[in-house]
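J.: Quick one: the structure is below, and I'll ask about it shortly.
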Amino acid sequence: MPKTKIIKIKGSFDKEDMEGLEYSAEVLRTGGLVAFPTETVYGLGANALDSNAVSNIFKAKGRPQDNPLIVHLEDAQRIEEYAHADENIYFSRIKDLFPAPLTVVLEKRSTIPDVVSAGLPTAGFRVPQNAIARKLIELSGVPVAAPSGNLSGRPSPTKAEHIIEDMYGRADVIIDGGDCSVGVESTIVSLASNPPVLLRPGGVSYENLCDILGEVSISSAVLSEMKAGEVAAAPGMKYRHYAPKAPVTLVIGDNKSARAYINEKSINKCVAVLCFDEDLDYIKADYVLCIGKHDDADEQGRRIFDALRKTDSCDGITEVYARCTDDRKGVGFAVFNRLLKASGFTVVEL
Ligand code: TXA
Ligand code: MG
């Protein structure tokens, strides 16, 4: 078990920040694991060119070996070194969007080890916006393979306390860079097919993707459960994900019916409820966790994983009910997708 060093980075990049970042970059270069903040969620990084270091990510997270990692770079120009990007017409249209909460899947070059792509001929690439992440990648001088920094299956870490909870004793360094501003993971779009395919909704909206790329199809795994024997376009989508300990049910419906349904389910039972700020005075459950206003999907994005994690410390609960809109606009689509996965697609439509 590595002895974990926690390094707080303020983001002012003064002498103290730079010392912490130089140290972390050196740990990456020499084969260690560094947990770091991005604008989406905290990631657990290793030098993508060092197969041994990358294997340690899978061990630290308890992640299945067939689930590929995203390669993080400080500049979109560098994607060409690791993927057949220049020949890809969709990439030429979208590359100026970087840095962004976006991951593009492209046919990979042999410079990316197979352990990163889990043996697939493609790999995911992303240039994050977060200044600490960018500085760390730049100083390390290597591409950084990083999944979300949660233990496999848990909600992704969006606060320093989350990443410390999951990765203390597993990573060599944890960079505490405060809260993540987007709060849900990057949008993943495969540019290796025609038309491109949305594999995961996230910080960049589906509308924005379509504006830039034209037609973009939506992978069936985004909105529905995979059938037995079906091959996942993004291997990660076949696993139960973001799940708190207690089973989750999504409740979709207008205020009146959703509140009445949840209150009825809370009679004589200890449950936790994830709901909108407007619901607070109306929900009668033992634990009520608000995730933002009904119409503020950005705020819901920032709070959703923290709320899911908090249900694990609600003593005695047997179930979680989550209010949700089936909105596909903006970050709302990502919130809906994550709640679908957290619930294992257990949805009540009223
Ligand atoms: O926002 C994010 O993307 C965060 C931060 C740390 O950058 N990272 C993240 O990584 O969410 P992870 O590993 O938790 O999710 C990556 C997803 C997985 O579902 C994986 O299956 C998919 O990306 N993926 C990676 N490479 C792929 C590929 N070549 N083809 C299809 N899906 C891929
Ligand atoms: Mg993840």
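Each residue of the sequence shown is one higher than the one before, counting from 140 in the numbering used here. Each residue gets a CB set at the ideal place from its N, CA and C atoms; glycine is no exception. No experiment lies behind these values; they were computed from the predicted model shown.
Looking at the secondary structure, which residues open and close the beta strand (DSSP E) in which Lys200 lies?
T.: Here the question's residue 200 lines up with position 61 in the sequence shown. It is not in any beta strand (DSSP E) - Lys200 instead sits in the alpha helix (DSSP H) that spans Ser190 to Lys200.
J.: Pro296 to Ser396, Cα distance in whole Å?
T.: Within the sequence shown, the letter at position 157 stands for residue 296. Within the sequence shown, the letter at position 257 stands for residue 396. Going by the C-alpha atoms only, they are around 32 Å apart.
J.: Report yes or no: do three or more beta-carbon pairs, one from the segment 253-263 and one from the segment 147-166, lie closer than 8 Å?
T.: No: fewer than three Cβ pairs fall under 8 Å.
J.: Have a look at His211 and His301 and give me their C-alpha separation to the nearest angstrom.
T.: Numbered from 1 along the sequence shown, position 72 holds the residue referred to as residue 211. Numbered from 1 along the sequence shown, position 162 holds the residue referred to as residue 301. Rounded to whole angstroms, His211 to His301 spans 21 Å at the Cα level.
J.: In the DSSP assignment, what residue or residues form a beta bridge with His211?
T.: Here residue 211 refers to the residue found at position 72 of the sequence shown. His211 is bridged to Arg265 and Val283.
J.: Could you check whether Lys432 and Asp445 sit closer than 8 Å to each other, using their CB atoms as the reference points?
T.: Against the sequence shown, residue 445 aligns to sequence position 306. Against the sequence shown, residue 432 aligns to sequence position 293. Going by C-beta atoms, Asp445 is not nearer than 8 Å to Lys432.
J.: Return the CA-CA distance between Ile303 and Ile313, expressed in angstroms with no decimal places.
T.: As a first step, residue 303 is located in the sequence shown; it is residue number 164 there, counting from the start. As a first step, residue 313 is located in the sequence shown; it is residue number 174 there, counting from the start. Each residue's alpha carbon lies about 7 Å from the other.
J.: Name, in chain order, the residues that DSSP records as bridge partners for Tyr426.
T.: What you label residue 426 is simply residue 287 of the sequence shown in a count that begins at 1. Looking at the DSSP assignment, Tyr426 forms a beta bridge with Ala411.
J.: In the DSSP assignment, find the unbroken beta strand (DSSP E) run with Glu458 in it and report its ends.
T.: As a working note, residue 458 is residue 319 in the sequence shown. Glu458 -> beta strand (DSSP E) spans Glu458 to Arg462.
J.: For Tyr307, which of Asn333, Ala174 and Glu354 has the nearest alpha-carbon?
T.: Stepping through the sequence shown from its first residue, residue 307 is reached at position 168. It is Ala174 whose Cα lies nearest to the Cα of Tyr307.
J.: Would you decide whether Thr457 is buried or exposed? Buried here means 16 or more other CB atoms lie within 10 Å of its CB.
T.: Here residue 457 corresponds to residue number 318 of the sequence shown, with the count starting at 1. Exposed, because fewer than 16 other Cβ atoms sit within 10 Å of the Cβ of Thr457.
J.: Out of Gly455, Arg398 and Phe197, which has the shortest C-alpha to C-alpha gap to Gly390?
T.: Here residue 390 corresponds to residue number 251 of the sequence shown, with the count starting at 1. According to the sequence provided, residue 390 is Val. The question's Gly does not apply to it. Nearest C-alpha to Val390: Arg398.
J.: Among residues of its own chain, excluding the 5 on either side of Val355, which ones have a beta-carbon nearer than 8 Å to its beta-carbon?
T.: One-based indexing of the sequence shown puts residue 355 at position 216. Correct list, in chain order: Val328, Pro334, Pro335, Val336, Leu337, Tyr345, Leu348 and Cys349.
J.: Going by CA-CA distance only, name the one from Tyr229, Ser231 and Asn269 that's closest to Phe152.
T.: For this step, residue 152 is matched to residue 13 along the sequence shown. Nearest C-alpha to Phe152: Asn269.
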